[in-house]
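Peer 1: Below is the structure I would like to discuss, written out as structure tokens.
Protein chains: 4
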Amino acid sequence: MLKITIYNEYKHEREDEACAAVYPDGIHSVLQSFIEADKDCAIRIFTVDNVNTELTDEILADTDVCIWWGHMAHELVADETAARVAEHVLKGMGAIFLHSAHMSKPFIRLMGTSCTLKWREVGEKEILWVVDPLHPVAQGIGKYIELEHEEMYGEHFDIPEPDSLVFIGWFKGGNVFRSGCAYRRGMGRVFYFQPGHEMYPTYKNPSIQKVILNAVGWVAPVRRIDALDCPQCEVPIMEI
Amino acid sequence: MLKITIYNEYKHEREDEACAAVYPDGIHSVLQSFIEADKDCAIRIFTVDNVNTELTDEILADTDVCIWWGHMAHELVADETAARVAEHVLKGMGAIFLHSAHMSKPFIRLMGTSCTLKWREVGEKEILWVVDPLHPVAQGIGKYIELEHEEMYGEHFDIPEPDSLVFIGWFKGGNVFRSGCAYRRGMGRVFYFQPGHEMYPTYKNPSIQKVILNAVGWVAPVRRIDALDCPQCEVPIMEI
Amino acid sequence: MLKITIYNEYKHEREDEACAAVYPDGIHSVLQSFIEADKDCAIRIFTVDNVNTELTDEILADTDVCIWWGHMAHELVADETAARVAEHVLKGMGAIFLHSAHMSKPFIRLMGTSCTLKWREVGEKEILWVVDPLHPVAQGIGKYIELEHEEMYGEHFDIPEPDSLVFIGWFKGGNVFRSGCAYRRGMGRVFYFQPGHEMYPTYKNPSIQKVILNAVGWVAPVRRIDALDCPQCEVPIMEI
Amino acid sequence: MLKITIYNEYKHEREDEACAAVYPDGIHSVLQSFIEADKDCAIRIFTVDNVNTELTDEILADTDVCIWWGHMAHELVADETAARVAEHVLKGMGAIFLHSAHMSKPFIRLMGTSCTLKWREVGEKEILWVVDPLHPVAQGIGKYIELEHEEMYGEHFDIPEPDSLVFIGWFKGGNVFRSGCAYRRGMGRVFYFQPGHEMYPTYKNPSIQKVILNAVGWVAPVRRIDALDCPQCEVPIMEI
């Protein structure tokens with residue numbers, strides 16, 4: 619059984635009526651619902667209210683996959699919390715960063731870059747093109763995914779070159795974006811997926827859900843400490 | 619004229635007689651000397667004594683290439699200092715991390731991983747093989763570089779997969795290492811180069827010097843702020 | 619002085635009036651003209667009429683950079699000619715493949731894949747976004763290049779994952795494309811650049827010219843046979 | 619049930635007594651035996667005697683994974699045969715190239731480079747280090763694999779930079795090698811694995827067998843024609 623931890627900031631949905639109309643129970647509840655329908659899993663939810671106090675080392679050590687959505691309250695996540703999350707990724711916990719989590723503290727820490735980008739919020743059309751059709755995250759997806767309305771995220775996106783670039787996003791207003799980026803960091807896998815503005819029902823789209831389910835499967839640990847069981851340690855001469 | 623900033627911790631050379639015999643004026647003075655002999659440059663030196671107080675934002679903004687050697691005093695470099703250095707790399711400053719700088723705070727911050735490795739200090743032979751013969755850092759180097767005595771640094775090395783793997787190190791005692799690793803991070807280039815234990819005259823080896831000179835040339839900024847001149851900013855629809 | 623060899627199929631310009639109106643002296647003459655204006659170079663031109671008979675081993679051995687444009691007559695280039703070109707790339711000759719040269723025999727041979735793509739010829743707008751702003755090929759280019767009219771080339775593009783993805787193309791009709799792809803193959807560098815349909819004056823656009831000039835500089839050999847001076851050969855035990 | 623096709627040249631084992639003592643029924647029979655013991659599969663065997671006549675398009679279309687071992691008779695494999703094998707890889711067939719298959723025609727065709735290397739046959743010790751510990755091919759393998767006797771294959775190895783470098787080989791005589799290289803080519807996956815000289819019982823080593831079994835699982839098709847169902851074709855404007 620997969621242990622999944624979802625962090626959803628959960629501010630927009632409580633503070634903005636239009637957003638609440640789209641996600642009345644929060645983005646996390648939509649994520650939880652379609653993941654539970656597909657996977658044998660146990661899901662824990664954290665929000666900006668309790669992430670610093672309750673997303674403990676113990677919880678993270680018991681997490682296979684951590685999914686992160688944040689936007690306006692990145693700064694309310696303590697540096698220590700972000701460090702804990704990143705450290706567990708390096709030890710093998712999978713991590714999926716959704717949409718504006720590109721500027722969340724754990725993601726920036728794992729990438730080492732500013733993770734800045736260009737954006738525009740006019741609800742324009744997006745088409746997500748598969749460019750790595752054999753990547754596990756793209757399985758069951760056709761050649762592309764269409765989204766009637768999304769926030770534009772555009773290049774230049776200041777990230778390390780992905781280990782695999784899985785999706786490139788096309789936006790009606792003239793921009794492109796590296797929308798699906800796969801990384802290994804330490805013993806953990808990381809997937810960044812751009813769609814998911816809080817004002818649109820993106821996470822209710824079956825193709826978007828399929829990508830996230832695939833990503834859960836792909837980042838789930840294959841082995842955790844094995845290669846790191848004597849980190850930064852002295853070793854004898856091999857028997858040669 | 620190239621503005622170069624060298625950070626050398628400068629503790630081993632002052633505290634250990636055997637090390638002082640190899641580098642009587644510090645590792646930095648050997649680096650400075652062969653770089654000045656080759657490049658039109660101005661070099662500033664910082665040590666653990668003044669790195670936190672004098673390696674200021676102004677100095678870094680006036681630096682093209684920052685070279686970093688540290689080992690036993692990584693913790694004495696303040697987090698704020700490390701953050702300053704990393705931030706300037708993202709803005710375009712080149713950076714070269716030498717030997718045990720693999721666990722320096724700025725390098726770990728730029729990589730996002732633990733950067734741990736296996737090591738052994740028995741003065742064994744190393745052979746550095748060129749595996750990316752067209753990389754600018756490998757120019758003028760033959761097929762390999764031999765070092766009679768080096769500290770062994772061995773896999774698994776917990777780094778992000780390099781953008782280019784330039785050298786693989788062979789150690790007599792049975793280990794291998796990704797010894798020359800090239801990265802882009804933000805608008806800056808980063809090169810990690812493994813040789814350079816403080817007890818051996820590695821930095822006096824002409825081939826090692828050639829690699830470092832090449833690396834200085836390669837990481838020197840080609841353009842700095844251009845692509846980042848409106849970081850994380852809203853942009854209008856293109857005129858289409 | 620740079621020795622440059624341009625292959626332009628030169629059929630459209632001679633057989634189609636509309637195309638001749640854009641490139642009256644052939645695409646090659648426009649390429650030649652802006653390259654000669656910028657570089658100390660000697661340029662040789664070959665077309666489908668003489669490529670098999672005159673683009674000899676001797677010419678290729680005396681070529682630093684080979685630029686290739688072909689479209690409707692790929693099959694008229696003999697397999698032996700394609701093999702010669704590819705072999706010289708592996709020995710260090712730089713190569714730039716333009717537009718529909720994505721299905722030329724030498725490019726397919728160097729890539730090892732089918733190099734197929736989706737296309738549409740309606741003269742739609744293209745915007746080429748820089749995604750690797752430090753790559754030598756992107757120097758002096760701003761954040762993007764706009765082309766009023768181009769043929770659409772779209773994903774999925776069946777190429778090996780580029781060593782560096784430099785440009786992503788956006789097309790008004792809804793598609794994206796990996797438009798600027800940099801590779802090392804053997805001792806040679808290869809750059810594929812998508813713009814350049816024969817019906818539009820793309821090669822007269824100063825930004826497109828700048829990219830091609832940059833590419834000429836980047837693929838020009840840095841060293842040729844060095845690493846291959848004993849290819850597939852037996853070697854003795856090292857002196858260890 | 620997995621359809622597996624093994625090509626073993628099968629000349630050394632029939633022509634050299636010492637080799638026959640190690641692999642009395644041919645390398646293929648050892649491969650077949652440990653794969654059948656682990657996988658639900660049907661295995662077909664081809665040798666240099668029938669590869670050109672019997673390894674047909676129909677067989678390849680019915681193959682999930684093709685394993686290739688060849689050495690002294692690469693030239694006896696017809697160009698058409700090699701083209702067929704490579705074409706089926708591009709359509710989704712997995713391929714594993716073992717040891718001296720690095721210079722087999724299908725491998726060279728898929729790589730686009732010369733695939734030359736340095737070699738030495740003195741039966742020296744090899745240690746294969748895992749450098750991508752999360753790669754599916756490295757699962758269940760510890761930090762390294764030791765082989766008492768192997769042929770040395772050394773850098774520089776003229777291959778395209780692997781999508782993932784999984785193993786680096788250390789050889790007692792002073793050389794290193796990129797011994798485990800993973801690629802995507804078209805819709806197919808390719809794994810090159812260096813160990814397996816015909817004079818040593820390498821394929822009877824349980825760790826080597828584990829790597830090959832992992833590779834069979836990894837290269838087995840995840841989806842085949844999907845992304846290529848309209849190769850090089852015209853497409854209409856998207857509905858935007």
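As given, the protein sequences belong to chains Z, S, C and U, one line each in that order. To convert a position in the first sequence, counted from 1, into my numbering, add 618. To convert a position in the second sequence, counted from 1, into my numbering, add 618. To convert a position in the third sequence, counted from 1, into my numbering, add 618. To convert a position in the fourth sequence, counted from 1, into my numbering, add 618. Built from N, CA and C at the ideal position, the CB exists for glycine as well.
1. Is tyrosine 762/S helix, strand or coil when you go by DSSP?
2. Measure how close the beta-carbons of tryptophan 737/U and glycine 772/U come, nearest whole angstrom, since I'm counting them as under 8 Å.
3. In chain C, what lies closer than 9 Å to tryptophan 737/U by C-beta?
4. Excluding sequence positions up to five away, which residues of its chain have a Cβ less than 8 Å from the Cβ of valine 683/S?
5. Output the distance between the C-alpha atoms of glutamine 757/S and isoleucine 653/S, rounded to the nearest integer angstrom.
6. Kindly indicate which three-state DSSP category cysteine 637/Z falls into: helix, strand or coil?
7. The alpha helix (DSSP H) with isoleucine 826/U in it runs from where to where?
8. Rounded to whole angstroms, what's the CA-CA distance from aspartate 667/Z to aspartate 680/Z? Just pull it up for me.
9. For the putative contact between tryptophan 686/C and tyrosine 625/C, defined by C-beta atoms under 8 Å, what is the C-beta separation to the nearest angstrom?
10. When burial is assigned at 16 or more other CB atoms within 10 Å of the CB, is valine 740/U buried or exposed?
11. Taking just the CA atoms, how far does proline 778/C sit from leucine 728/U?
12. CA-CA distance, methionine 856/U and proline 642/Z?
13. Taking the alpha helix (DSSP H) that alanine 704/S falls in, what are its first and last residues?
14. Pick helix, strand or coil for threonine 681/C, following the three-state DSSP scheme.
15. Output the boundary residues of the beta strand (DSSP E) element that contains leucine 694/S.
16. Using three-state DSSP, classify lysine 621/Z as helix, strand or coil.
17. Under 8 Å, Cβ to Cβ, is there at least one residue of chain C near proline 751/S?
18. What separation, rounded to the nearest whole angstrom, lies between the Cα atoms of phenylalanine 789/Z and valine 749/C?
19. Within this structure, are the beta carbons of methionine 690/C and histidine 630/C separated by less than 8 Å?
20. I need the boundaries of the beta strand (DSSP E) containing glutamate 744/S, first residue and last residue.
21. Might you give, ordered along the chain, the residues of its own chain that have their beta carbon closer than 8 Å to the beta carbon of leucine 735/C, omitting 5 neighbours on each side?
22. The alpha helix (DSSP H) with phenylalanine 795/C in it runs from where to where?
23. In the DSSP assignment, the beta strand (DSSP E) including valine 808/U goes from what residue to what residue?
24. Let's test the definition: count the other Cβ atoms within 10 Å of the Cβ of glutamate 698/U and tell me whether it reaches 16, buried, or not, exposed.
25. Nearest to valine 755/C by CA position, among Lys828/C, Thr820/C and Leu694/C, is which residue?
26. When you compare each of Lys822/S, Val808/S and Cys733/S to glycine 814/S by their alpha carbons, which one comes out closest?
27. Please go through the same chain and pick out, in chain order, the residues whose beta-carbon is closer than 6 Å to the beta-carbon of glutamate 764/S, but skip the five residues on each side of it.
28. What first and last residue would you give for the beta strand (DSSP E) that runs through isoleucine 714/Z?
29. Can you find the residues in the same chain that come closer than 6 Å, C-beta to C-beta, to alanine 696/Z, ignoring five residues on each side of it along the sequence?
30. For cysteine 851/S, is the classification buried or exposed, using 16 other Cβ atoms within 10 angstroms of its Cβ as the cut-off for buried?
31. How long is the line joining the alpha carbons of glutamine 812/S and isoleucine 826/S, rounded to whole angstroms?
32. CB-CB under 6 Å to glycine 688/U, same chain, minus the five flanking residues each way: which ones, in chain order?
33. Sorted by chain position, which residues of the same chain lie with C-beta nearer than 8 Å to glycine 806/S's C-beta, five sequence neighbours on each side aside?
34. When the cut-off is 8 Å and only beta carbons count, does histidine 774/U lie next to chain S?
35. My understanding is that serine 732/S touches proline 849/Z, with C-beta atoms under 8 Å, so please give their C-beta distance in whole angstroms.
36. Mind checking who methionine 770/U pairs with in its DSSP beta bridge?
Peer 2: Based on what the coordinates show:
1. strand
2. 7 Å
3. Gln850, Cys851, Glu852 and Val853
4. Leu620, Lys621, Ile622, Thr623, Met711, Gly712, Ala713, Ile714, Val834, Val837 and Ala838
5. 16 Å
6. helix
7. 824-837
8. 21 Å
9. 5 Å
10. exposed
11. 10 Å
12. 33 Å
13. 697-708
14. coil
15. Unbroken run through leucine 694/S: none, as it is neither H nor E.
16. strand
17. yes
18. 16 Å
19. yes
20. 736-748
21. His720, Tyr771, Gly772, Glu773, His774, Phe775, Asp776 and Phe795
22. Element bounds for phenylalanine 795/C: not the alpha helix (DSSP H) but the beta strand (DSSP E), 794-803.
23. 806-811
24. exposed
25. Lys828/C
26. Lys822/S
27. Ile745
28. 712-716
29. Asn670
30. exposed
31. 10 Å
32. Glu627, Ala719 and Ser722
33. His706, Val707, Leu708, Lys709, Gly710, Met711, Gly712, Ala713, Val837 and Pro839
34. yes
35. 6 Å
36. Arg738/U
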